[in-house]
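Here the protein sequences line up with chains D and V, keeping their order. Taken in order, the first sequence gives residues 89 to 198; the numbers are from my numbering. Taken in order, the second sequence gives residues 42 to 157; the numbers are from my numbering. Here's the structure we're looking at; comments come further down.
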Amino acid sequence: EAQVTQNPRYLITVTGKKLTVTCSQNMNHEYMSWYRQDPGLGLRQIYYSMNVEVTDKGDVPEGYKVSRKEKRNFPLILESPSPNQTSLYFCASKYTDTQYFGPGTRLTVL
Amino acid sequence: EDKVVQSPLSLVVHEGDTVTLNCSYEVTNFRSLLWYKQEKKAPTFLFMLTSSGIEKKSGRLSSILDKKELFSILNITATQTGDSAVYLCAVEASFNNAGNNRKLIWGLGTSLAVNP
Chain D
89 EAQVTQNPRY
99 LITVTGKKLT
109 VTCSQNMNHE
119 YMSWYRQDPG
129 LGLRQIYYSM
139 NVEVTDKGDV
149 PEGYKVSRKE
159 KRNFPLILES
169 PSPNQTSLYF
179 CASKYTDTQY
189 FGPGTRLTVL
Chain V
42 EDKVVQSPLS
52 LVVHEGDTVT
62 LNCSYEVTNF
72 RSLLWYKQEK
82 KAPTFLFMLT
92 SSGIEKKSGR
102 LSSILDKKEL
112 FSILNITATQ
122 TGDSAVYLCA
132 VEASFNNAGN
142 NRKLIWGLGT
152 SLAVNP
């Protein structure tokens, strides 16, 4: 089944403790991206990647890192999470103009 | 600044009603407009529109784009409780002359509640 998977689905952590949210797609898509979704602010792009080893900042990249060492995986790294990074995170991959979203990761930073 | 504005923000209807959701945009280097449905999970793709005046249809849902007036509408006829969701509109635009660097600009969504 074609899909985008994310792990974990829910995460509660404390300020400053590094974490990684994994994202994997099995559709051989070149384009992948990370979004955060917050009430009243909608979906905002954090980072995107056009292909392996090609990443670029989206609209809200501060406090996040990404890597794209292989086509299927695009992990999101929070080196020192802060409470303002509490949000719902979506990974997505894209073929032509259609994005496929992962199930979401609800992150709470205390 | 590129922006996508959806209206209304929220509406409540009864089963069987027809609803029209609006999405207007101001975007440089427009490529396409997309509609998504988001229930209590990830957005799922509904339609992609690139040409004016050509209706896309899927069951009770249909959508059309007007590139002159810069808007799109999403129609849902004979609504059902399962249509309750947030409907998101996004516009894809190029941000370089080559057209190979693209971004999606998202609206805030319309929250639709269909009551039995």
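For glycine and all other residues, C-beta sits at the position ideal for the given N, C-alpha and C.
Range covered by the beta strand (DSSP E) that runs through residue i
| i | result |
| --- | --- |
| D/Val92 | Val92 to Asn95 |
| V/Asn116 | Phe112 to Ile117 |
| D/Asp126 | Tyr119 to Asp126 |
| V/Lys98 | Lys97 to Ser99 |
| D/Asp144 | Val142 to Lys145 |
| D/Leu164 | Leu164 to Leu166 |
| D/Phe189 | Thr186 to Phe189 |
| V/Asp107 | Leu102 to Asp107 |
| D/Tyr98 | Tyr98 to Thr101 |
| V/Ser51 | Ser51 to His55 |
| V/Arg143 | Arg143 to Trp147 |
Assigned secondary structure, residue i (DSSP; H/G/I helix, E/B strand, else coil)
| i | result |
| --- | --- |
| D/Gln173 | helix |
| V/Leu124 | As written in the sequence, residue 124 of chain V is Asp, which differs from the Leu given in the question. It is helical. |
| V/Ala154 | strand |
| D/Thr108 | strand |
| D/Gly212 | No answer is possible for residue 212 of chain D: the residues shown for chain D start at 89 and end at 198. |
| D/Leu198 | coil |
| V/Phe71 | strand |
| D/Tyr183 | strand |
| V/Phe86 | strand |
| D/Asn161 | strand |
| V/Val46 | strand |
| V/Phe78 | This sequence places Lys at residue 78 of chain V; Phe is not what is there. Strand at V/Lys78. |
| V/Phe136 | coil |
| D/Ser155 | coil |
| V/Ser65 | strand |
Proximal residues to residue i (C-beta, below 8 Å), its chain only, five neighbours per side dropped
| i | result |
| --- | --- |
| D/Gln133 | Ser121, Trp122, Tyr123, Gly146, Asp147 and Val148 |
| D/Leu131 | Tyr123, Arg124, Gln125 and Phe178 |
| D/Tyr106 | Sequence check: residue 106 of chain D is Lys here, not Tyr. So the qualifying residues of the chain are Ile165, Leu166, Glu167, Ser168 and Pro169. |
| V/Gly94 | Ile105, Leu106 and Asp107 |
| V/Thr59 | Asn116, Ile117, Thr118, Ala119 and Thr120 |
| D/Pro96 | Val109 and Thr193 |
| V/Lys78 | Pro84, Thr85, Leu87, Ala126, Val127, Tyr128 and Leu129 |
| V/Arg143 | Arg72, Glu133, Ala134, Ser135 and Phe136 |
Cβ-based neighbour list, residue i, same chain, cut-off 6 Å, excluding 5 preceding and 5 following
| i | result |
| --- | --- |
| D/Asn139 | Glu118 |
| D/Thr108 | Pro163 and Ile165 |
| D/Tyr183 | His117 |
| D/Val102 | Leu198 |
Residue from the options whose Cα sits closest to the Cα of residue i
| i | options | result |
| --- | --- | --- |
| V/Leu129 | V/Phe136, V/Gly123, V/Leu145 and V/Thr122 | V/Leu145 |
| V/Thr69 | V/Lys78, V/Thr61, V/His55 and V/Lys44 | V/Lys44 |
| D/Ala180 | D/Thr174, D/Asn172, D/Leu198 and D/Phe189 | D/Phe189 |
| V/Leu75 | V/Lys82, V/Leu62, V/Glu67 and V/Met89 | V/Met89 |
| D/Thr110 | D/Thr103, D/Pro127, D/Leu129 and D/Glu158 | D/Glu158 |
| V/Trp147 | V/Ser51, V/Thr61, V/Val60 and V/Glu67 | V/Glu67 |
| V/Lys109 | V/Thr91, V/Val54, V/Leu87 and V/Asn116 | V/Thr91 |
| D/Leu129 | V/Leu149, V/Pro157 and V/Leu153 | V/Leu149 |
| V/Ser159 | V/Ser51, V/Ser135, V/Leu153 and V/Ser99 | For residue 159 of chain V there is no data in the structure shown, the boundaries of chain V being 42 and 157. |
| D/Thr193 | D/Thr184, D/Gln173, D/Asn114 and D/Lys153 | D/Gln173 |
| D/Tyr135 | D/Pro191, D/Arg156 and D/Val102 | D/Arg156 |
| D/Gln187 | V/Ser48, V/Leu102, V/Leu111 and V/Thr85 | V/Thr85 |
7 Å CB neighbourhood of residue i in its chain, flanking five on each side removed
| i | result |
| --- | --- |
| V/Gln121 | Glu56 and Val155 |
| V/Asn63 | Gln47, Ser48, Phe112 and Ile114 |
| V/Ser65 | Val46, Leu111 and Phe112 |
| D/Gly151 | Leu166, Ser170 and Gln173 |
Short CB-CB distance (under 7 Å) between residue i and chain A
| i | result |
| --- | --- |
| D/Phe162 | Protein chains in the displayed structure are D and V, and chain A is not among them. |
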